[in-house]
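K.L.:
Chains as they are written, first to last, in the working numbering: chain A, 21 to 134; chain B, 7 to 119.
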């Protein structure tokens, strides 16, 4: 069964609205969660690294005020896309990791902004 | 130079063929190496880890050459179900980036009947 649950699987929203994506590790405590974005025919690109209880570390070019990450517990991280625009339409994937375990991916969220 | 480089393909092969993918990485401090498989519109799934001694899992063989900073994946007797994008992945273990994976762009494989 799934080790990391990501919700929702797909979402369509209007331009200017905010969308929250949840990533839950189901049977282990994830010290670190990663958020990726993948545009069509492109590779996965790391957006940010999130450690429980501390601020996320964003990759260069990723706006931290636009992509809000909260990692409030060892089993839950959320990514909020604020004031979404059509160019934010993409496939967002989270992954969860703790020392000694492989990296587990969520099933991804396909965001379409109209 | 990109951190992880792969031939994007696509590789179009007939069923039963043997196909090899190559990957190079730029950071000699890279610690761990993996091949992931990604189907269209799905999340990546771990195919296998790559060890210096080389390792095999059924029809799949992975090899690592640290001196050349080169990783390979060999698929024998390819099946239609092997059609996917294969991602070469390197893990850095340093400071706050423990666990962070660097992904190659992937090599697309299409196995035809």
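Glycine residues also receive a C-beta, built at the ideal position from the N, C-alpha and C atoms.
#1: Measure the C-alpha to C-alpha separation of residue 125 (chain A) and residue 22 (chain B) and round it to an integer number of angstroms.
#2: Do residue 38 (chain B) and residue 97 (chain B) come within 9 Å of each other at the CB atom, strictly closer than that value?
#3: Thinking C-alpha only, which one of A:108, A:122 and A:47 is nearest residue 67 (chain A)?
#4: Counting pairs of Cβ atoms below 8 Å between the stretch 91-105 of chain A and the stretch 43-58 of chain A, do you hit three or more?
#5: Measure how close the beta-carbons of residue 115 (chain A) and residue 53 (chain A) come, nearest whole angstrom, since I'm counting them as under 8 Å.
#6: May I ask you to list the residues that DSSP assigns as paired with residue 39 (chain B)?
#7: Can you tell which of B:12, B:44 and B:31 has its C-alpha closest to the C-alpha of residue 87 (chain B)?
#8: Who are the neighbours of residue 48 (chain B) on chain A, taking C-beta pairs under 8 Å?
#9: Does chain B have any CB closer than 9 Å to the CB of residue 184 (chain A)?
#10: Please report how far the alpha carbon of residue 19 (chain B) lies from the alpha carbon of residue 113 (chain B), in whole angstroms.
#11: For a contact meaning CB atoms closer than 8 Å, what does residue 63 (chain A) contact in chain B?
#12: Run the CB neighbour count on residue 112 (chain A), radius 10 Å, all protein chains shown included, and call it buried at 16 or more, exposed below.
#13: Can you list, in chain order, the stretches of the beta strand (DSSP E) that have 3 or more residues and sit fully within the stretch 68-126 of chain A?
#14: Going by C-alpha to C-alpha distance, which of B:50, B:56 and B:77 sits closest to residue 11 (chain B)?
#15: Hey, residue 63 (chain A) and residue 109 (chain B) are a contact pair by Cβ (cut 8 Å); roughly how many whole angstroms apart?
P.N.:
So, to answer that:
#1: To locate residue 125 (chain A), count along the first chain from 1; it is residue 105. To locate residue 22 (chain B), count along the second chain from 1; it is residue 16. If I take the Cα positions, the gap works out to 30 Å.
#2: Within the second chain, the letter at position 91 stands for residue 97 (chain B). Within the second chain, the letter at position 32 stands for residue 38 (chain B). Against a cut-off of 9 Å, the Cβ pair of residue 38 (chain B) and residue 97 (chain B) comes out as a contact.
#3: Sequence index remark: in the first chain, residue 67 (chain A) carries index 47 (1-based). The shortest Cα separation from residue 67 (chain A) among A:108, A:122 and A:47 belongs to A:108.
#4: yes
#5: The count along the first chain starts at 1 and reaches residue 115 (chain A) at position 95. The count along the first chain starts at 1 and reaches residue 53 (chain A) at position 33. Going by Cβ atoms, the distance from residue 115 (chain A) to residue 53 (chain A) rounds to 7 Å, so yes, they are a contact pair.
#6: Here residue 39 (chain B) is taken as the residue at index 33 of the second chain, counted from 1. DSSP output for residue 39 (chain B) lists B:56 and B:96 as bridge partner(s).
#7: Reading the second chain from its first residue, position 81 is the one you call residue 87 (chain B). Residue B:44 is the option with its Cα nearest to residue 87 (chain B).
#8: Start at 1 with the first residue of the second chain, and residue 48 (chain B) comes out as number 42. Ordered by position in chain A, the residues that pass the 8 Å Cβ test against residue 48 (chain B) are 127 and 128.
#9: Residue 184 (chain A) lies beyond the residue range present for chain A, which begins at 21 and ends at 134; the question has no answer from this structure.
#10: Reading the second chain from its first residue, position 13 is the one you call residue 19 (chain B). Reading the second chain from its first residue, position 107 is the one you call residue 113 (chain B). So the two alpha carbons sit approximately 13 Å from each other.
#11: Start at 1 with the first residue of the first chain, and residue 63 (chain A) comes out as number 43. Those are 93, 109, 110, 111 and 112, listed as they occur along chain B.
#12: Indexing the first chain from 1 puts residue 112 (chain A) at position 92. Residue 112 (chain A) comes out buried.
#13: 87-93, 96-101 and 110-117
#14: Counting from 1 along the second chain, the entry for residue 11 (chain B) is found at position 5. It is B:77.
#15: Along the first chain, read from residue 1 onward, the residue named residue 63 (chain A) stands at position 43. Along the second chain, read from residue 1 onward, the residue named residue 109 (chain B) stands at position 103. At roughly 5 Å, the Cβ-Cβ gap stays under 8 Å, so residue 63 (chain A) and residue 109 (chain B) are in contact.
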